[in-house]
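The structure under discussion appears below in the form of structure tokens.
Number of protein chains: 2
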Amino acid sequence: MQVDGARLMQLFLQSGGTKERDIACEQRCNRDPGSSLTASAKSIFRLLAEGNPSTRPQLGEVLNLSRPTMSAAMGELEQLGLVAKIGEVQGLIGRKAAIYRPGPQAGHVIAIDAGSTHVRLRVSTIDRRLLHSRVYRLPASQLLLGEEISRAVADEVSATLAETDDGWGPLRMIGIAVPSRVVGPQGDQNATRQEEIFSRFEPPADVPVVLENNVNCAAVAERSNGAAKDAETFAYVQIGLKIGMGVMLGGRLLRGRNGAAGEIGHLAFPMADGSRPIPGEIERYMGTEAFMQRVLATWPDSADSQPADAADLMARAGEGCATALAHVTRHAEDIGAIVASCVSVLDPGLVVLGGGLGGSSLLLPTVSDVANRLSYPVEVRTSTLGQDATVLGIEKLTCEQTVDLLLGERRD
Amino acid sequence: MQVDGARLMQLFLQSGGTKERDIACEQRCNRDPGSSLTASAKSIFRLLAEGNPSTRPQLGEVLNLSRPTMSAAMGELEQLGLVAKIGEVQGLIGRKAAIYRPGPQAGHVIAIDAGSTHVRLRVSTIDRRLLHSRVYRLPASQLLLGEEISRAVADEVSATLAETDDGWGPLRMIGIAVPSRVVGPQGDQNATRQEEIFSRFEPPADVPVVLENNVNCAAVAERSNGAAKDAETFAYVQIGLKIGMGVMLGGRLLRGRNGAAGEIGHLAFPMADGSRPIPGEIERYMGTEAFMQRVLATWPDSADSQPADAADLMARAGEGCATALAHVTRHAEDIGAIVASCVSVLDPGLVVLGGGLGGSSLLLPTVSDVANRLSYPVEVRTSTLGQDATVLGIEKLTCEQTVDLLLGERRD
DNA sequence: ATTTTTTTGTTAACTTGCCTAACATAATAA
DNA sequence: TTATTATGTTAGGCAAGTTAACAAAAAAAT
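Taken in sequence, the protein lines are chains A and B.
Each residue of the first sequence is one higher than the one before, starting from 1350 at the first, in our numbering.
Each residue of the second sequence is one higher than the one before, starting from 1350 at the first, in our numbering.
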């Protein structure tokens, strides 16, 4: 079932309309129950949605709200079921304080990493308490087959819906991380395969769907759960089979006109006096496959047997094999050069390295040295998240979108 | 007179403090007279500061304010002298409407382009009505001598202050565009020469100074007066003696941690299989000097005499000289490759070319073709502003900062 | 010339959303 | 049992907006 352009737009833009006819009101009011809350109630809900259950005094302190205002706001929120009291805490002295977190009517989201080897799915509340999760490994023979991924997503979502618990509240949104550019209405719609995800998967009616590029999702995860927890601005550079970057500026993803911001696989390369760049060449050159070809081409017969794959090479380098280490270091220099180019454009102050190869801490010193030598001061860190990075990122983004939706404050 | 670090910080941060002691209150209240205005009055002032004199109905329409609110807000603003009635307009029917613009107490700013060949100065109201302007051409022998530029700035400012008219209202701020990185407090302070501007120039006491990189200023000007009038997001790429870029994202400049965002003179280059990049090499390679060396090295004896300089080369290319055109086109290919790298990182959708060489429309087709072939869809335009771009940009930035200051809303 | 219509601007009364001050409640400490 | 302290509610006030009604000033209609 192919989802056409109009339908996809609808998925993107759902819930925006305030000028719809009255007949849709009941639906809409159920979809964004908090759109008529006071500003203070909204800010309280936003804070609780971050994931820390809090007492009224704590919330009031952070948000600079008086106790009467807290009282009124919590009244509004509790009435709608958007927050719930989950316990009490006793200080050293004085009356106990009630502890709140988002309530059942805040509902839950489904976040899906629709990767080419795995489909990972997490169901969670909007304050990111995990309710359910599944992982489906795609048969290796079907790598890169968009339709098979779509079918796997459809299956996993069906299975999830069958197990839905009443206590989870309503399903508010589905977020899907895809390994392609994600383009808004005014961008270039050609040459993106974002619709393929819907070729076999039809999302439940009335549940908005958000799509995001998988590298961007990993960047979001690094910020919310990983190596960039303290940073508002940084770049996440992924080096593996392919290369890509996710850019976070002031806590917001940089997407670009065509959803192509961070597509460093298209940096001009080769780039030197007398040479002419080839489109996408740097992605091929830096990718694991070409890298291993170069490694094997010069691997000495005298030494150990040839490394089986990139992971094997990295392992041997880590064990002290000089030949392996030389190759890894050479690759790290190339990565450092790419990082330097990104720093020259963005000057993010922090770069997090991730991906199949980039995640190795062996690369770190060389990448950092080269980048800092070529460009401007930048801290380089290695990703602390494993293969869950992408699904955690799309979960975070979906929760944020859901909060915006519930509060009637569309952000982007 | 060297301005030390503490003084510079003070210059940057002036007007922020709300926790100063009461003795400073009178001064402060004179400095940000509008800090106690209602939100609606502030938004009205902001709109008028954009430069379009407007009637109350027009303002109310745009800002969604009722007539009584307009009445109250205009009352506040007129009382403070922040707006003034400058006339009336008669519609087809009905009562005349008064036309307003920022009033005398809104004051004026001095904007300075402290370039290495010229010092350009504009005095204008915060709605950018030109009050006075001067240009000083530095003696060629003193190119790049920071102290001479500083002295020229000091002289021009003195001359301006001497000519100040009472009708201009108070001097609110001085903005200076400098050809170096401009670094905030948490960035890398080394290797920027931003303080040199103060070596011979001491700004009047109590007048805040804002510094900004000159390429960033040109980008701002392209947005407010030039080729990117309709764009919120674009990159301005300057190609001349040196190369640089200014990045505008959603109407805001991207500065980076160390003020080095857009410093594409540090893109990794040469970058090819087997080569290692050299810091700053692409700036040398792309700069006019190295470019002309390559041109002259292969210039055929049989043809016309060698071109005298880059401008001469461009002129001959424009007249149809095949040799010159071939060189220009080759250079345009290199520029296209650089643009492609920037597009791969930012995907801005629009790139404006400027600078001594970049401003030539001869380059446009090739740059556009190469960039679009190597990377993602991007429109390429040629700058429409001449040498005034930088001073217009710093003027715009200074006016924006002044409005923020007057309204007590520090933005960045 | 007078009345009507239309737009602009003001006045009056109300609403919202926050605040402070005072009071009520529930816990520990004395 | 009383004092102290933190939490939560009630009462009353204020700032900044709203709508409704009225006043003023202009062209259009009578």
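Idealized CB from N, CA, C, for every residue including glycine.
Partners in chain A for residue 1526 of chain B, counting only beta-carbon separations shorter than 8 Å:
Simply none; closest approach about 19 Å.
Does the beta carbon of residue 1458 of chain A come closer than 8 Å to any beta carbon on chain B?
no
Could you tell me which uninterrupted beta strand (DSSP E) segments, each at least 3 residues in length, are contained entirely in the region 1522-1589 of chain B, listed from first to last along the chain?
1558-1562 and 1583-1588
Throw me the rounded Cβ distance for the residue 1426 of chain A and residue 1408 of chain A pair, which I believe falls under 8 Å.
Not confirmed; about 11 Å, so no contact.
Below 6 Å CB to CB, which residues in the same chain sit around residue 1469 of chain A once its five sequence neighbours on both sides are set aside?
1462, 1484 and 1740
Quick one, which residues of the region 1591-1613 of chain A are near chain B if we go by CB-CB under 8 Å, in chain order?
1594, 1596, 1598, 1603, 1604, 1605, 1606, 1607, 1608, 1609, 1610, 1611, 1612 and 1613
Express the C-alpha separation of residue 1547 of chain A and residue 1707 of chain A in angstroms, rounding to a whole number.
31 Å
Name, going along the chain, the residues of the region 1693-1706 of chain B whose beta-carbon falls closer than 7 Å to a beta-carbon of chain A.
1693, 1694, 1695, 1696, 1697 and 1698
Per DSSP, what kind of secondary structure is residue 1688 of chain B in: helix, strand or coil?
helix
Would you say residue 1680 of chain B lies against chain A (beta-carbon separation less than 8 Å)?
no
Per DSSP, residue 1462 of chain B forms a beta bridge with which residues?
B/1469 and B/1526
Identify the contact partners of residue 1724 of chain B in chain A, using a Cβ-Cβ distance below 7 Å as the criterion.
1615
Which residues in chain B have a C-beta closer than 7 Å to the C-beta of residue 1585 of chain A? List them in chain order.
Going along chain B, no residue has its Cβ under 7 Å from residue 1585 of chain A, so there is no contact; the nearest lies around 13 Å.
Run down chain B in chain order and give the residues with a C-beta less than 8 Å from the C-beta of residue 1537 of chain A.
1725 and 1726
Is it true that the region 1615-1627 of chain B meets the region 1600-1607 of chain B, where meeting means three or more beta-carbon pairs spaced less than 8 Å apart?
no
Under 9 Å between beta-carbons, which chain A residues line up against residue 1691 of chain B? List them in chain order, please.
1694
Under 7 Å from the C-beta of residue 1622 of chain A: neighbouring residues of chain B:
1619 and 1634
Beta carbon proximity, residue 1671 of chain A to chain B, threshold 8 Å:
no
Can you have a look at residue 1376 of chain B and say buried or exposed, based on whether 16 or more other CB atoms are within 10 angstroms of its CB?
Reliability fails at residue 1376 of chain B, whose pLDDT of 45 lies under 50, so the model's placement of it is uncertain and no value is given.
Give a yes or no on whether the C-beta atoms belonging to residue 1592 of chain A and residue 1614 of chain A are separated by under 8 Å.
yes
Whole-angstrom C-beta distance between residue 1454 of chain A and residue 1429 of chain A, which should lie under 8 Å:
6 Å
Among B/1524, B/1626 and B/1632, nearest to residue 1590 of chain B - alpha-carbon criterion
B/1632
Starting from the C-beta of residue 1568 of chain B, find all residues in its chain whose C-beta is less than 6 Å away, skip the five residues before and the five after it, and write them out in chain order.
1585, 1595 and 1597
Hey, could you find the ends of the alpha helix (DSSP H) residue 1621 of chain B is sitting in?
Segment: none, residue 1621 of chain B is in no alpha helix (DSSP H) and carries neither H nor E.
Rounding to the nearest angstrom, what Cα-Cα distance links residue 1579 of chain A and residue 1471 of chain A in this structure?
25 Å
Measuring only between beta-carbons, confirm whether residue 1628 of chain B sits less than 8 Å from chain A.
yes
Put residue 1727 of chain B into one of helix, strand or coil per three-state DSSP.
coil
Can you tell me whether DSSP reads residue 1745 of chain B as helix, strand or coil?
helix
What residues of chain A sit near residue 1501 of chain B, judged by a beta carbon separation below 8 Å?
Under the 8 Å cutoff, chain A gives no residues; its nearest Cβ is about 29 Å from residue 1501 of chain B.
Kindly indicate the opening and closing residues of the beta strand (DSSP E) around residue 1455 of chain B.
Run containing residue 1455 of chain B: none; DSSP gives neither H nor E here.
Is residue 1720 of chain B helix, strand or coil by DSSP?
helix
Under 8 Å, Cβ to Cβ, is there at least one residue of chain B near residue 1625 of chain A?
yes
Chain B partners of residue 1687 of chain A, CB-CB under 8 Å?
1617
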